[in-house]
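Asker:
Residue numbers (our numbering), protein chains in the order written: chain A, 1 to 179; chain B, 1001 to 1213.
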């Protein structure tokens, strides 16, 4: 199970405070993230993916003083990964202008993000409007249960029940389409 | 080495990185470089003999205020450029303030002197060496900053190099004030700034080669 920003950041902060176990857990967890980041972008040069992953782990380790504890960890990580990728392309003298690389990277991320958003919207549209709204507000937009309840003019427990039932229905539907 | 071995060896030694490590690293680089620059200045050029007297006058503090505010602006820029996530440099407009104030003082100087004196005020005695001495004194500070950057992660290397060059130039000019007897604002505005700009340009050119990681 891939870990999210919160867990990664907690490990990073642990490592910064000298906790070797947290640091190791962080680096281990970054391996699949980085493999997929470089794997998607290197095309035919898949043999170099592991080198780039290792270089990035070393950079995360030696340059962790450049991480600002008050900012998101994943944004920092992917900025480091991007830099390593651009440096790799430059070393390989692959003829691409850096602006192009940046543009593709931004585009790809945007594409992934919007695909994810469309998937979520498609799934939510299969639920009742009340359940869809409760899930969208509390899980996608990040509102609190109290805010969602006030916005919809219903009770907090009503929101919680809607979210619970809605997620259960979605889980059943996803399992159903995969099986 | 496979990735699992690499992780094991990297996590074998995980020193604590304090919250202030970033600022301290940049500070050490600059201060260390300034020590070397000051030592070189004392050994090769000598501190101006009337330093104590000069420190009671306006011109000395005008010069220091100018070079130190440029130096602080450069540290702000380094602070932004030494992290991989791009940050806005909009705060740098602040660097225009010392330049404009100094230009204002310079215009005042010209206005209160006959125009036949202007060239003498502007060039004075040391205009031919001043920019080069500032550039020379900036070298150890720039090297100090290269050391700082070794644990930091700049991704815009031209800009980061320029910021390091600006810091090195401005703090070198601050050190140079201990030697330089010039008193005119126009002199400082032109020749000090030229030395600082040379250091900035050099940093921008060398950035991609020296700061890449």
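The C-beta atom is built at its ideal place from N, Cα and C for all residues, glycine as well.
Is the beta carbon of residue 1106 of chain B closer than 8 Å to that of residue 1042 of chain B?
Answerer: Cβ distance not < 8 Å, so residue 1042 of chain B and residue 1106 of chain B don't count as in contact.
Asker: Quick check: residue 56 of chain A and residue 84 of chain A, are their CB atoms within less than 8 Å of each other?
Answerer: Yes.
Asker: In chain A, which residues lie with their C-beta within 7 Å of the C-beta of residue 1011 of chain B?
Answerer: Near residue 1011 of chain B (Cβ distances below 7 Å), the residues of chain A are 20, 23, 24 and 27.
Asker: Listing by chain order, which chain A residues have their CB less than 8 Å from the CB of residue 1007 of chain B?
Answerer: The contacting residues are 24, 27, 28, 31 and 57.
Asker: Counting only C-beta atoms, is residue 87 of chain A closer than 8 Å to chain B at any point?
Answerer: Chain B, which has a Cβ nearer than 8 Å to the Cβ of residue 87 of chain A, makes this yes.
Asker: Could you check whether the region 1107-1114 of chain B touches the region 156-172 of chain A, counting it as contact only if at least three pairs of C-beta atoms, one from each stretch, sit closer than 8 Å?
Answerer: Segments in contact, no.
Asker: Run down chain A in chain order and give the residues with a C-beta less than 8 Å from the C-beta of residue 1048 of chain B.
Answerer: Residues of chain A passing the Cβ test: none, with the nearest at roughly 39 Å.
Asker: At what residue ranges does the region 135-170 of chain A contain a whole run of the alpha helix (DSSP H), taking only runs of 4 or more?
Answerer: Counting whole runs of 4 or more residues, the region 135-170 of chain A contains the alpha helix (DSSP H) stretches 145-152.
Asker: Hey, how far is the Cα of residue 1049 of chain B from the Cα of residue 1131 of chain B?
Answerer: So the two alpha carbons sit approximately 21 Å from each other.
Asker: Mind checking the region 1148-1178 of chain B against chain A and listing, in chain order, the residues whose C-beta falls within less than 7 Å of any C-beta there?
Answerer: Hits within the stretch, in order: 1151, 1152, 1153 and 1155.
Asker: Are the beta-carbon atoms of residue 1034 of chain B and residue 1175 of chain B separated by less than 8 Å?
Answerer: Cβ distance < 8 Å, so residue 1034 of chain B and residue 1175 of chain B count as in contact.
Asker: Could you name the residues of chain A that residue 1090 of chain B contacts, counting a contact when the two beta carbons are closer than 7 Å?
Answerer: Here the premise fails: no neighbours, minimum Cβ distance about 18 Å.
Asker: Mind pulling the chain B residues with CB within less than 7 Å of residue 17 of chain A?
Answerer: 1016, listed in chain order.
Asker: Can you give me, in chain order, the residues of the region 45-72 of chain A that have a beta carbon less than 8 Å from any beta carbon in chain B?
Answerer: Hits within the stretch, in order: 50, 53, 54, 57, 58, 59, 61, 62, 63, 64, 65, 66, 67, 68, 69 and 71.
Asker: Count the other CB atoms within 10 Å of the CB of residue 23 of chain A; is the residue buried (16 or more) or exposed (fewer)?
Answerer: With 16 or more Cβ atoms within 10 Å of its Cβ, residue 23 of chain A is classed as buried.
Asker: Any idea what DSSP makes of residue 179 of chain A, helix, strand or coil?
Answerer: Residue placement at residue 179 of chain A is flagged as unreliable, the pLDDT there being 41, under the threshold of 50; the coordinate-derived value follows with that caveat. If DSSP states are grouped into helix, strand and coil, residue 179 of chain A belongs with coil.
Asker: Consider the Cβ of residue 79 of chain A: report whether some Cβ of chain B lies at a distance smaller than 8 Å.
Answerer: At least one chain B Cβ lies under 8 Å of residue 79 of chain A.
Asker: Please compile the residues from chain A whose C-beta is within a distance smaller than 8 Å of the C-beta of residue 1022 of chain B.
Answerer: Those are 65, 66 and 68, listed as they occur along chain A.
Asker: Would you say residue 75 of chain A lies against chain B (beta-carbon separation less than 8 Å)?
Answerer: Residue 75 of chain A counts as touching chain B.
Asker: By alpha-carbon positions, which one of B:1101, B:1181 and B:1019 ends up nearest to residue 1052 of chain B?
Answerer: If we check each option's Cα against that of residue 1052 of chain B, B:1181 comes out closest.
Asker: Kindly list the residues whose CB is nearer than 6 Å to the CB of residue 1147 of chain B, restricted to its own chain and excluding five residues on each side of it in sequence; keep chain order.
Answerer: Excluding sequence neighbours, residue 1147 of chain B sits near 1029.
Asker: Go through the region 14-69 of chain A residue by residue and report every complete run of the alpha helix (DSSP H) that reaches 4 residues or more, in order.
Answerer: Those alpha helix (DSSP H) runs which fall completely within the region 14-69 of chain A and span 4+ residues are 20-42 and 49-62.
Asker: Quick one: residues in its chain with C-beta nearer than 6 Å to the C-beta of residue 1038 of chain B, no 5 flanking neighbours on either side, listed in chain order?
Answerer: So the qualifying residues of the chain are 1175.
Asker: Assuming residue 1065 of chain B is part of the alpha helix (DSSP H), what are its boundary residues?
Answerer: Residue 1065 of chain B -> alpha helix (DSSP H) spans 1058-1081.
Asker: Which whole-angstrom value is the C-beta distance of residue 1259 of chain B and residue 1208 of chain B, which I expect to be below 8 Å?
Answerer: Outside the shown range of chain B, which is 1001 to 1213, sits residue 1259 of chain B, and nothing can be said about it.
Asker: With three or more C-beta pairs closer than 8 Å as the rule, is the region 1150-1168 of chain B touching the region 1067-1074 of chain B?
Answerer: Yes: the two stretches touch, three or more of their Cβ pairs being nearer than 8 Å.
Asker: Nearest to residue 1031 of chain B by CA position, among B:1203, B:1171 and B:1183, is which residue?
Answerer: That would be B:1171, whose Cα lies nearest to the Cα of residue 1031 of chain B.
Asker: Quick check: the Cα distance between residue 1178 of chain B and residue 70 of chain A, rounded to an integer number of angstroms?
Answerer: C-alpha separation (whole angstroms): 40 Å.
Asker: With a threshold of 8 Å, are at least 3 pairs of Cβ atoms found where one atom belongs to the region 1008-1026 of chain B and the other to the region 58-73 of chain A?
Answerer: Counting Cβ pairs under 8 Å, three or more are found: they touch.
Asker: For the alpha helix (DSSP H) that residue 1037 of chain B lies in, which residues bound it at each end?
Answerer: Unbroken alpha helix (DSSP H) run through residue 1037 of chain B: 1021-1040.
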